[in-house]
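First the structure, in the form of structure tokens, and then the observations on it.
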Amino acid sequence: MAKKRKINIMVASTVYQNRDLLLQICGILNTYGYHVINSEYGTLHPPLGMNNTEACIAAVAECDIFFGIINPMYSTGITHSEFQRAIAIDKPRRFIAHSFVTFSRKLLAQYMYADAAKTQRNDFEIQSTSVMDSVKVIDMYNDAVQINLAYEERKYHWVQEFFRPDEALRHVETLFRDIKRVERELANLNNPVQ
């Protein structure tokens with residue numbers, strides 16, 4: 121009997137101030153039976169001839185599900201590029217976001233946007249602090265929720281807020297522990313009922 125292929129799940133996240141939670145999530149997903157793709161976890165294969173950014177973005181195409189973690193530290197922007205690629209190629213995706221990001225999104229909206237509809241982004245940035253290093257993390261959140269689309273046109277736009285690690289882990293369990301359900305959901309996406 122042929123061995124069943126594991127579901128490839130890419131976990132995209134900045135590492136700074138988030139490494140412990142990131143590695144814990146990767147380990148849990150691995151225990152559930154997924155093949156985890158993540159550079160910090162050591163399971164992202166960098167193709168020969170590609171730089172780090174190219175390798176991370178190329179890995180998005182290899183996954184069956186994309187799982188993005190939005191933290192208040194933007195870092196180099198590779199994670200944001202991974203998010204944008206997953207959205208562009210319409211990968212099935214899930215997201216969680218630290219409450220510092222969701223709080224700051226509401227607080228800073230008055231400075232970030234030139235219009236009430238929040239469609240015209242001002243050239244606005246904050247000074248890097250130990251709490252948040254860039255408002256680009258809010259751009260990541262907005263990309264995840266597909267703020268640029270009408271609500272009825274959005275899909276894969278649920279972003280679960282968390283503050284404590286146990287809240288993030290509980291949502292990971294809710295989304296991914298029942299691997300049979302995830303397999304059915306993926307099969308339904310690939311073979312929609314008419």
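For the sequence shown, this note's numbering assigns the number 121 to the initial residue and increments by one for each residue that follows. Glycine included, every Cβ here is placed at the ideal spot set by N, Cα and C.
Assigned exposure category for Glu-245 - 16 Cβ within 10 Å defines buried: exposed
Residue from Leu-142, Ala-132, Asn-171 whose Cα sits closest to the Cα of Arg-205: Ala-132
Bounding residues of the beta strand (DSSP E) (the contiguous stretch that carries Ile-129): 128 to 133
Contiguous beta strand (DSSP E) assignments of at least 3 residues, all confined to the stretch 222 to 307: 279 to 282
In chain order, each alpha helix (DSSP H) run of at least 4 residues that lies wholly inside the stretch 180 to 219: 198 to 208
Euclidean distance between Cα positions of Lys-275 and Thr-134: 24 Å
Sub-8 Å separation of Ala-264 and Phe-215 beta-carbons: yes
For Arg-139 and Met-130, the rounded distance between their alpha carbons: 16 Å
Given Ala-175 as reference, the closest of Ile-157, Gly-188, Ser-248, Glu-305 once Cα atoms are compared: Ile-157
Asn-128 vs His-165 beta-carbon contact at 8 Å: no
Sequence-distant residues of the same chain with beta carbon closer than 8 Å to Leu-142, five excluded per side: Val-131, Ser-133, Val-135, Asn-158, Glu-160, Tyr-161, Ile-189
Straight-line gap, Gly-153 to Ile-299 (C-alpha atoms, nearest Å): 8 Å
Buried versus exposed call for Pro-192 [16 or more other C-beta atoms within 10 Å across all chains shown]: buried
Residues near Ile-177 in its chain [Cβ-Cβ closer than 7 Å; skip 5 each side]: Ser-201, Glu-202, Arg-205
Close-in-space but distant-in-sequence residues of the same chain around Lys-256 (CB under 6 Å, 5 per side omitted): Tyr-194
Buried versus exposed, by CB contacts within 10 Å (16 or more), Ile-209: exposed
Best match in Gly-169, Glu-182, Ser-219, Met-170 for proximity to Thr-163 [C-alpha to C-alpha]: Glu-182
Glu-293 beta carbon less than 8 Å from that of Thr-222: no
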